[in-house]
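Trainee: In this text, residue positions in the sequence shown follow this note's numbering: the first is 58, and each later residue adds one. Glycine included, C-beta positions come from ideal geometry on N, C-alpha and C.
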Amino acid sequence: MTRDRRGRLGSPGDGPSPGSSADDVAAADPIEVARSIALRQLTLGPRSRQQLEPALARRGVPEEATRSVLDRFAEVGLVDDAAFAQAWVDSRQRGRGLGRQALAHELHDRGVDPATARAALDSLDPACEAATAAALVRRRLAATRDLAPAARFRRLAGMLARKGYPAGVVHRVVREALAADAVDAADAADAADAADAADAVADDLPTDLPDTLDLDDTAD
Numbered sequence: 058m059t060r061d062r063r064g065r066l067g068s069p070g071d072g073p074s075p076g077s078s079a080d081d082v083a084a085a086d087p088i089e090v091a092r093s094i095a096l097r098q099l100t101l102g103p104r105s106r107q108q109l110e111p112a113l114a115r116r117g118v119p120e121e122a123t124r125s126v127l128d129r130f131a132e133v134g135l136v137d138d139a140a141f142a143q144a145w146v147d148s149r150q151r152g153r154g155l156g157r158q159a160l161a162h163e164l165h166d167r168g169v170d171p172a173t174a175r176a177a178l179d180s181l182d183p184a185c186e187a188a189t190a191a192a193l194v195r196r197r198l199a200a201t202r203d204l205a206p207a208a209r210f211r212r213l214a215g216m217l218a219r220k221g222y223p224a225g226v227v228h229r230v231v232r233e234a235l236a237a238d239a240v241d242a243a244d245a246a247d248a249a250d251a252a253d254a255a256d257a258v259a260d261d262l263p264t265d266l267p268d269t270l271d272l273d274d275t276a277d
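1) When the Cα atoms are used, what is the spatial distance from R151 to A236?
2) Mind checking whether A279 and A234 have CB atoms under 8 Å apart?
3) Using the rule of at least 16 other Cβ atoms within 10 Å of the residue's Cβ for burial, across every protein chain shown, is D81 buried or exposed?
4) If A176 sits next to A139, beta carbons under 8 Å apart, how far is it from one beta carbon to the other, in whole angstroms?
5) Go ahead and label G221 buried or exposed: buried means 16 or more other beta carbons lie within 10 angstroms of its beta carbon, across all protein chains shown.
6) Suppose you measure from the CA of E163 to the CA of E89; what does that come to, to the nearest Å?
7) Buried or exposed for A252, please, with buried defined as at least 16 other CB atoms from any protein chain shown within 10 angstroms of its CB.
8) For D128, which of helix, strand or coil comes out of DSSP?
9) Just reading off the alpha helix (DSSP H) that L193 is part of, what are its end residues?
10) Expressed to the nearest angstrom, what Euclidean distance is found between the alpha-carbon atoms of P111 and R202?
11) For R129 and S148, I'd like the C-alpha separation in whole angstroms.
The structure is reproduced here in structure tokens:
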């Protein structure tokens, strides 16, 4: 029997606890361990190579085994940073309405190299990006109608800027949305005025009109 650092009794063969990552790597072929961990990560969702490398390192996989497995995964298409970047851009642009700058930041955080990220971002259709920005603004317009015009502009422009849209797109989309909203408001006011005028005319009509009209009884 031996004692550990805290004086507790243990057997001479005490080591890493069963099932720990260190125990896995020590007891099994590092290549197999790396392959198993990487496959589990990819099952959870697409991963870039730069995301998988630290995940394997945290589990104690040697660098050589990591490099060998990820090289092989790249050869067979299981790890493809270009496909990952393109899928990420498409998904986040449609699902979250993110602009180019926010998407570039997210790809950088996930270890995608600048050239690969740029290729994915260049696939964005500027017209589609502007349409997405306009849709985001339209959803927020009603909530800003109590604000002064300058405050409305700042509120809506700030929202798009946080979503990663470039300044040119932000200014154009917000100006157009506010102009259209002003026209809609004016049309609504005109309609209300017309309704008020119709009510006033109705109030002036006599209240003892006959139930039917004699169409033959016309004035000369």
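Mentor: Working from what's here:
1) If you number the sequence shown from 1, residue 151 lands on position 94. If you number the sequence shown from 1, residue 236 lands on position 179. So the alpha carbons of these two residues sit roughly 26 Å apart.
2) In this structure the chain extends from 58 to 277, so residue 279 is not present and cannot be described.
3) If you number the sequence shown from 1, residue 81 lands on position 24. Below a pLDDT of 50, predicted positions are generally treated as unreliable, and D81, at 48, falls in that range; no measurement from the model is reported.
4) Numbered from its first residue, the sequence shown carries residue 176 at position 119. Numbered from its first residue, the sequence shown carries residue 139 at position 82. The Cβ separation is near 7 Å, so the contact holds.
5) In the sequence shown, residue 221 corresponds to position 164, counting from 1. When all chains shown are included, G221 counts as buried.
6) Locating residue 163 in the sequence shown gives position 106, where the first residue counts as 1. Locating residue 89 in the sequence shown gives position 32, where the first residue counts as 1. Straight-line Cα distance between these residues: approximately 31 Å.
7) The residue labelled residue 252 in the question sits at position 195 within the sequence shown. Note that A252 scores a pLDDT of 44, beneath 50, so its modelled location is shaky; the value from the coordinates is reported in the next line. It is exposed - the Cβ of A252 has fewer than 16 other Cβ atoms within 10 Å.
8) The residue labelled residue 128 in the question sits at position 71 within the sequence shown. D128: helix per DSSP, three-state reduction.
9) Locating residue 193 in the sequence shown gives position 136, counting from the first residue. L193 -> alpha helix (DSSP H) spans P183 to L198.
10) For the purposes of this step, residue 111 is taken as residue 54 along the sequence shown, with counting starting at 1. For the purposes of this step, residue 202 is taken as residue 145 along the sequence shown, with counting starting at 1. Each residue's alpha carbon lies about 48 Å from the other.
11) Within the sequence shown, numbered from 1, the residue matching residue 129 stands at position 72. Within the sequence shown, numbered from 1, the residue matching residue 148 stands at position 91. Cα to Cα, the separation comes out at about 27 Å.
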